[in-house]
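J.: Heads up: the sequence lines are chains A and B, in that order.
Mapping of the first sequence onto the numbering used here: residues 1 to 164, in sequence order.
Mapping of the second sequence onto the numbering used here: residues 165 to 228, in sequence order.
Just so you know, even glycine gets a beta-carbon here, dropped at the ideal spot from N, CA and C.
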Amino acid sequence: MKTPTPDFLALLRTLLEHKVDFIVVGGVCGVLHGAPVSTFDLDIVHSREAGNLERLMKALEALGARYRTPGHKNVKPSRSHLSSPGHQLLMTTAGPLDLLGTIGKGRAYHDLLGETTELDLDEGWRVRLLDLAALIRIKAETAQEKDKAQLAVLRRTLEEQRKR
Amino acid sequence: MTTTALPQKPSRKARLPADRTHSEDGVDLTLIRWMLSLTPAERLKVLQQNVRSILRLRGENTDS
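(1) What do you reckon, are the CB atoms on isoleucine 138(A) and leucine 129(A) nearer than 9 Å?
(2) Comparing the C-beta of arginine 121(A) with each C-beta of chain B, is any distance below 9 Å?
(3) Taking 9 Å as the threshold (C-beta atoms), are arginine 107(A) and leucine 82(A) in contact?
(4) Say whether chain B places a C-beta atom closer than 9 Å to the C-beta of alanine 152(A).
(5) With distances taken between CB atoms, is the gap from alanine 134(A) to glutamate 115(A) smaller than 9 Å?
(6) Which residues of the region 31 to 47 of chain A have a Cβ closer than 9 Å to any Cβ of chain B? Give them in chain order.
(7) Could you pull the DSSP bridge partners for glycine 95(A) from this structure?
(8) Pull up the distance between the alpha-carbon of leucine 193(B) and that of alanine 152(A), whole angstroms please.
(9) Between Leu12(A), Thr93(A), Ile44(A) and Pro96(A), which lies nearest to tryptophan 125(A) when the distance is taken from Cα to Cα?
(10) Just verifying my parser: in three-state terms, what is the DSSP assignment at histidine 87(A)?
(11) Given leucine 53(A), which residues of its chain have a CB within under 7 Å of its CB, disregarding the five upstream and five downstream residues?
(12) Would you list the one or two residues that DSSP bridges to glycine 33(A)?
(13) In this structure, does DSSP put threonine 233(A) in helix, strand or coil?
(14) At the 9 Å Cβ level, is glycine 223(B) part of the contact set with chain E, yes or no?
(15) How about arginine 197(B): is its C-beta nearer than 9 Å to some C-beta of chain A?
(16) By Cβ distance, which residues of its chain are closer than 6 Å to methionine 165(B), with the 5 residues on each side in sequence left out?
(17) Taking all protein chains shown into account, decide if glutamine 150(A) is buried (16 or more other Cβ within 10 angstroms of its Cβ) or exposed.
(18) Between the region 203 to 222 of chain B and chain A, which residues of the former have CB atoms less than 9 Å from a CB of the latter, in chain order?
(19) Are there three or more Cβ pairs, one per stretch, closer than 8 Å when the region 64 to 78 of chain A is compared with the region 10 to 24 of chain A?
(20) Are the C-beta atoms of aspartate 183(B) and some chain A residue less than 9 Å apart?
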């Protein structure tokens with residue numbers, strides 16, 4: 001079976017077209033801030049308000065989203081899954097998409113909003129992402145072994161940004 | 165009484181010139197500066213190309 005190649009722009013555009021309220025976090029957030037790191041999935045924290053869950057469900061339908069976790073493959077995410085603070089690890093036609101109800105020490109969309117920036121992505125598309133300093137702080141709180149090398153790159157990127 | 169000044173440790177700034185290529189923890193700063201010179205859309209394209217290259221090198225059966 002073919003694995004969809006991650007297409008980050010397609011994922012972001014689909015979410016934006018469906019007017020989903022979300023914050024980009026994780027590796028793609030680091031890259032958008034200028035960090036030379038790599039990742040294979042898009043991590044977002046979504047608003048769990050009722051209207052947003054409706055829009056998110058439509059976006060996921062358009063992306064053919066299914067769980068990618070063993071034992072749940074080919075299962076569609078439900079509204080109740082999306083309303084939970086947990087992490088939904090999905091595969092879509094545009095690659096892996098992780099929907100995070102909360103990150104770090106239980107921070108949800110509205111807790112993070114004050115530490116985000118909006119960026120012009122492409123042809124007028126504006127995407128909201130976690131500030132680099134907040135990304136570093138939250139990653140450091142929960143850093144696993146795999147995150148440590150990336151944390152060093154993120155910290156140096158923040159230093160270089162501040163020199164500009 | 166005379167005092168002898170101890171040798172001064174070079175300042176952090178003197179030891180770490182602005183044009184250094186790597187940080188003390190081994191991060192390649194030239195890559196960071198290059199990425200910062202790009203627009204966010206261009207940075208995303210770089211990531212996209214990296215991912216495609218890695219998947220090709222791994223010989224994964226992808227849709228591209």
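T.: This is what the structure gives:
(1) In terms of Cβ geometry, isoleucine 138(A) and leucine 129(A) do not form a close pair [threshold 9 Å].
(2) Position check: residue 121(A) holds leucine in this sequence, whereas arginine was assumed. At least one CB of chain B lies nearer than 9 Å to the CB of leucine 121(A).
(3) The criterion of a C-beta distance shorter than 9 Å is not satisfied by leucine 82(A) and arginine 107(A).
(4) Residue-level contact by beta carbon holds for alanine 152(A) and chain B, with a gap shorter than 9 Å.
(5) Yes, these two residues count as a Cβ contact at 9 Å.
(6) Here the close residues are Val31, Leu32, His33, Gly34, Ala35, Pro36, Val37, Ser38, Thr39 and Phe40.
(7) In the DSSP assignment, glycine 95(A) forms a beta bridge with Thr92(A).
(8) About 11 Å.
(9) Per the Cα distances, Leu12(A).
(10) DSSP places histidine 87(A) in strand when its eight states are reduced to three.
(11) Around leucine 53(A): Arg79, Leu82 and Ser83.
(12) Reading off the sequence, residue 33(A) comes out as histidine, not glycine. Paired residue(s): none; histidine 33(A) is not in a bridge.
(13) Outside the shown range of chain A (1 to 164) lies residue 233(A), about which nothing can therefore be said.
(14) Judged by its chain identifiers, the structure shown contains no chain E, and its protein chains are A and B.
(15) Chain A, which has a Cβ nearer than 9 Å to the Cβ of arginine 197(B), makes this yes.
(16) Any answer about methionine 165(B) is weak, because its pLDDT of 47 lies below 50 and its placement is not dependable; what the coordinates show is given next. There are no such residues.
(17) Under the 10 Å beta carbon count, glutamine 150(A) is surrounded by 16 or more other beta carbons and is classified as buried.
(18) With the criterion set as a beta carbon lying under 9 Å from some beta carbon of chain A, the members of the region 203 to 222 of chain B are Thr203, Pro204, Ala205, Arg207, Leu208, Lys209, Val210, Leu211, Gln212, Asn214, Val215, Arg216, Ile218 and Leu219, in sequence order.
(19) Using a C-beta cut-off of 8 Å, the region 64 to 78 of chain A makes no contact with the region 10 to 24 of chain A, since fewer than three inter-stretch Cβ pairs fall below that distance.
(20) Judged by the 9 Å Cβ criterion, aspartate 183(B) is not in contact with chain A.
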